[in-house]
Amino acid sequence: MQVIILFTVLVSTYLMVIAKRTPALIRSFRYQSFCLFLATLILALREHQLDLYVVSGLLFILKVVFIPQLLYRTIKKIKASEELGLFINPQLSLLWALGFTYLSWVFSAHLIGQGNEIRVIMLAVAFFVVLAGIFLMIFRMTALAQIIGLLVMENGIFLLASMVSGGMPFFVEIAIFFDVFVSVLIMGFFVYRINKFFTHIDVNKLSRLKG
Amino acid sequence: MQIFFILGIPILLAVTCLLIRRQRFLGILNCVGYLVVLFLSVILLKQIALSGSTRSFLGFICLDALSVFFIFVIAVVVFASALYSVGYIKKDIEKGIISQKKASTYYLLFNLFCCSMFFVPAMNNLGMLWVAIEMTTLISAFLVGFYNKKESVEAAWKYIIICSVGIIFALLGTILFSYAFSISGLSKSLNWSDMVGVAQILDKNILKIAFIFILVGYGTKAGLAPMHTWLPDAHSQAVAPISALLSGVLLKTAIYAILRFGIIIIKSVGFAYFAHLMILLGVISLVISSGFILVQKDLKRLLAYSSIEHIGIIAIGFGLGTPLACAGALLHVFNHAVTKSLMFFGAGNIVSFYRKHNMNAIRGVSKALPFTGMMMFLGVFALTGFPPFSIFISEMMIIIAAFTKSSYLIAAILLLFLAIIFGAFINHFGKMLFGSIPKGMTKTGEPLTGKFAFLFLGLLICITGVAFVFIKGEWIWVVQKLFLI
Numbered sequence: 021m022q023v024i025i026l027f028t029v030l031v032s033t034y035l036m037v038i039a040k041r042t043p044a045l046i047r048s049f050r051y052q053s054f055c056l057f058l059a060t061l062i063l064a065l066r067e068h069q070l071d072l073y074v075v076s077g078l079l080f081i082l083k084v085v086f087i088p089q090l091l092y093r094t095i096k097k098i099k100a101s102e103e104l105g106l107f108i109n110p111q112l113s114l115l116w117a118l119g120f121t122y123l124s125w126v127f128s129a130h131l132i133g134q135g136n137e138i139r140v141i142m143l144a145v146a147f148f149v150v151l152a153g154i155f156l157m158i159f160r161m162t163a164l165a166q167i168i169g170l171l172v173m174e175n176g177i178f179l180l181a182s183m184v185s186g187g188m189p190f191f192v193e194i195a196i197f198f199d200v201f202v203s204v205l206i207m208g209f210f211v212y213r214i215n216k217f218f219t220h221i222d223v224n225k226l227s228r229l230k231g
Numbered sequence: 180m181q182i183f184f185i186l187g188i189p190i191l192l193a194v195t196c197l198l199i200r201r202q203r204f205l206g207i208l209n210c211v212g213y214l215v216v217l218f219l220s221v222i223l224l225k226q227i228a229l230s231g232s233t234r235s236f237l238g239f240i241c242l243d244a245l246s247v248f249f250i251f252v253i254a255v256v257v258f259a260s261a262l263y264s265v266g267y268i269k270k271d272i273e274k275g276i277i278s279q280k281k282a283s284t285y286y287l288l289f290n291l292f293c294c295s296m297f298f299v300p301a302m303n304n305l306g307m308l309w310v311a312i313e314m315t316t317l318i319s320a321f322l323v324g325f326y327n328k329k330e331s332v333e334a335a336w337k338y339i340i341i342c343s344v345g346i347i348f349a350l351l352g353t354i355l356f357s358y359a360f361s362i363s364g365l366s367k368s369l370n371w372s373d374m375v376g377v378a379q380i381l382d383k384n385i386l387k388i389a390f391i392f393i394l395v396g397y398g399t400k401a402g403l404a405p406m407h408t409w410l411p412d413a414h415s416q417a418v419a420p421i422s423a424l425l426s427g428v429l430l431k432t433a434i435y436a437i438l439r440f441g442i443i444i445i446k447s448v449g450f451a452y453f454a455h456l457m458i459l460l461g462v463i464s465l466v467i468s469s470g471f472i473l474v475q476k477d478l479k480r481l482l483a484y485s486s487i488e489h490i491g492i493i494a495i496g497f498g499l500g501t502p503l504a505c506a507g508a509l510l511h512v513f514n515h516a517v518t519k520s521l522m523f524f525g526a527g528n529i530v531s532f533y534r535k536h537n538m539n540a541i542r543g544v545s546k547a548l549p550f551t552g553m554m555m556f557l558g559v560f561a562l563t564g565f566p567p568f569s570i571f572i573s574e575m576m577i578i579i580a581a582f583t584k585s586s587y588l589i590a591a592i593l594l595l596f597l598a599i600i601f602g603a604f605i606n607h608f609g610k611m612l613f614g615s616i617p618k619g620m621t622k623t624g625e626p627l628t629g630k631f632a633f634l635f636l637g638l639l640i641c642i643t644g645v646a647f648v649f650i651k652g653e654w655i656w657v658v659q660k661l662f663l664i
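Encoded structure:
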């Protein structure tokens, strides 16, 4: 079961890397978050811990329902082009993603060593998701894509944390959720501002400050 | 007990900003509030740092000499900044740059920002430390984009994105630390005090990798080159009192986080690993910033690059790692915070008078704004490490430590680039401070509270260096105890 979920996370991340338009990116992000929600829920059912139920519930509300909805609404409201503005075309992005997968596999195998295979897979997927998030942030031009890249990185970290002996201490987990929530709100606010002042959300063209 | 007041007063002040809308009253209330915080932090410093004890409350607040020292530094700069804000915001309202309503928003954000910064050194739990640092970014982003111009929105966006990515790496590092802790067979915990006790038995390979993530992550926030790219933009676009806070203490809170993890690394992996990384990043920061300082045209960006330089010096100081060097680096944290705040206040007055950032258009400051001109004159020499000011003492300690440790190359690099930066600063400021006022501008008065802020900081700059000679012994003893060297 765990392996299947990890595989779905992997697939949804690949979908994100090759996405050309913002709505597709958001949809894949929703899939990925849903997988994380499932993984946490299964863990909660197995271990019967109230903490984990709360965490999975928050994950569902925040990352599966609220944030994607907010991002969809932002696209509609600012009426910007739905194109992501690719620096690297989808085919080449796919190659990059394959490279990342291999890299994170080697890295996690090195970190954990022999023995626990499922742990190595979990760690590899988590690192891959983080790397894919960085990739999205660097090689996509719109401000919205950068927000999603950041959220993808955050998802990767969440996966990593849940691998590490079932997550972080409860109140830290809650604080981090709160933090993600606030940061998305604030970034969304600044996307509106950028759109208002520059009439586009192409971050590549924000180049007034230099030197 | 004092710590709860230190954390609580900013929150209370923030709530007051929601209830009361008269900005003049709010400004003065802020000054009083932060004066109290400053007194409390001095009491804490006396109680905890000098006795060398640690005190913890409820498990997740833990105070030792390092954290009370950083709380004290934050309190000093925040108090000065609150004083300066009163006059600065009033002037902005008179000029019609911001409205009355926006002024009270400013005070609200100011208090929240200060509150989040006070939380950073108080946290024992490394996860909560991360949350507190991320909170400082999120709140100050509004203060960077406060003036709602194209440039400031751009700066705020770069700031929030680059720092958030950086800080995610720091979270990754934190999780790897907790992973190392959990596979060593101990119970789940992210508390620093638990980790440092068992540092020797943690898995060294994982800690090494984790520390790289920590250094990249918090290093981004601290403005260590090459992750510094957000810093000049944010510092040059923020409101002047906030620039002082960003440069004076926000960067230092990130340094604090690096030190917390660094202490675990020193105990577990050994000192050399920590030292090499810190010195490498410190030297890169020093070299890169000196280049930008030489050719800089924008006044506030010049000061921002100078912050990168000083963060580099601090990193080198901790990297050298002898008691003298660490003592110097910690002292430099304070000295730089005080001096750079004074410079940013001065720059704020200059920019609001000339309405320009470009240094080529700014001439005759000492005639147009006599008081600011005089304090800036003092500040430039203090900032570039001229005796007898405080920065001279701390830089000297670091350089002497480098020589006595026979790290001649590092000492040579430090001296060379400090000399270059000294020349560049004297050149830039000589042109600005002297000369004749541009036509059509006349001499103006300056607000009284702003003058108080200048005098407060100026006094600290002048006396710290001299006073330090008397407490040098205790200081080094405390530092030795902290870093176990």
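If you read the sequences in order, they're chains A and B.
Just so we're aligned, residue 21 is where the first sequence starts under our numbering, counting upward by one.
Just so we're aligned, residue 180 is where the second sequence starts under our numbering, counting upward by one.
Glycine included, every Cβ here is placed at the ideal spot set by N, Cα and C.
The model shown is predicted, which means the values in this text are computed figures rather than measured ones.
If you drop the 5 nearest sequence neighbours on each side, which residues of the same chain put their C-beta closer than 6 Å to that of residue i?
i      : result
A:F54  : V84
B:I458 : I495, G498
B:L593 : I578
B:N514 : S569, I570, S573
Can you list the residues of chain B that residue i reaches, using a CB-CB cut of under 9 Å?
i      : result
A:P213 : The sequence shown places Arg at residue 213 of chain A, rather than the Pro named in the question. Correct list: G324, N327, V332, A335, W336.
A:V150 : I347, F348, L351
Could you tell me how far apart the beta carbons of residue i and residue j are, in whole angstroms, since I believe they sit closer than 8 Å?
i      : j      : result
B:V265 : B:I199 : Actually they do not touch by this definition, with Cβ atoms about 15 Å apart.
B:M538 : B:K476 : 6 Å
A:V204 : A:I87  : 6 Å
B:T353 : B:L305 : 5 Å
B:G500 : B:A454 : 5 Å
Would you kindly work out how many angstroms separate the C-alpha atoms of residue i and residue j, rounded to a whole number?
i      : j      : result
A:M80  : A:F57  : Checking the sequence shown, residue 80 of chain A turns out to be Phe, not Met. Rounded to whole angstroms, A:F80 to A:F57 spans 6 Å at the Cα level.
B:G449 : B:A504 : 17 Å
A:P43  : A:A163 : 14 Å
B:G637 : B:G558 : 8 Å
A:I141 : A:L26  : 8 Å
B:I600 : B:L473 : 7 Å
B:K328 : B:E653 : 49 Å
B:L386 : B:I444 : 7 Å
A:T60  : A:S76  : 6 Å
B:S569 : B:S520 : 14 Å
B:S220 : B:I253 : 9 Å
B:T399 : B:G619 : 43 Å
A:L90  : B:G507 : 49 Å
B:L410 : B:F631 : 28 Å
A:W125 : A:V23  : 15 Å
B:L224 : B:I250 : 9 Å
Mind pulling the chain B residues with CB within less than 8 Å of residue i?
i      : result
A:I206 : L317, A320, F321, I339
A:L131 : N384, I385, I388
A:L226 : E333, W336, K337
A:G105 : Correct list: empty, because the minimum Cβ distance to chain B is about 16 Å.
A:L229 : E330, E333, A334, K337, P411, D412, S415, Q416
Within its chain, find whatever has a CB closer than 7 Å to the CB of residue i; leave out the 5 residues flanking it on each side and keep chain order.
i      : result
B:Y533 : A540, I541
B:L291 : A193, I318
B:S531 : K270
Quick one: which chain A residues come within Cβ less than 7 Å of residue i?
i      : result
B:R200 : In chain order: nothing, as chain A lies at least about 22 Å away.
B:M307 : V192, A195
Only counting the same chain, and skipping five residues up and downstream in sequence, which positions put a Cβ closer than 8 Å to that of residue i?
i      : result
A:F155 : V37, S113, W116, A117, F120, G169
B:S464 : G402, L403, A404, H407, I487, E488, I490, G491, A494
B:I529 : L478, I541, V544, L548, T551, M555, M611
A:I177 : A146, V150
Strictly below 9 Å CB to CB, what residues from chain A border residue i?
i      : result
B:V310 : V192, A195, I196, F198, D199
B:N304 : P189, F191, V192
B:D243 : Those within 9 Å of B:D243 in chain A number zero; the least Cβ separation is about 21 Å.
Find the residues of chain B that neighbour residue i, judging by a C-beta separation of less than 7 Å, and give them in chain order.
i      : result
A:M157 : V344
A:V74  : Within chain B, no residue comes near A:V74; the closest Cβ sits about 16 Å away, beyond 7 Å.
A:F217 : K329, V332
Positions along the region 320-352 of chain B whose CB lies within less than 9 Å of some CB in chain A: A320, F321, G324, N327, K328, K329, E330, V332, E333, A334, A335, W336, K337, I339, I340, S343, V344, I347, F348, L350, L351
Chain A contacts from the region 367-381 of chain B (Cβ-Cβ distance under 8 Å): K367, S368, L369
Contact residues within the region 162-178 of chain A, judged by C-beta distance below 9 Å to chain B: Look at the region 162-178 of chain A: the residues with a C-beta under 9 Å from a C-beta of chain B are A163, Q166, I167, G169, L170, M173, E174, G176, I177.
Under 7 Å (Cβ pairs) to chain A, residues found in the region 527-540 of chain B: If the cut-off is 7 Å between Cβ atoms, the region 527-540 of chain B has nothing near chain A.
Positions along the region 116-146 of chain A whose CB lies within less than 8 Å of some CB in chain B: If the cut-off is 8 Å between Cβ atoms, the region 116-146 of chain A has L131 near chain B.
Near-chain A residues of the region 474-506 of chain B - C-beta to any C-beta below 8 Å: V474, Q475, K476, D477, R480
Interface residues of the region 63-95 of chain A facing chain B [CB-CB below 7 Å]: Legend: CB atoms of the region 63-95 of chain A lying less than 7 Å from CB atoms of chain B are not found in any residue.
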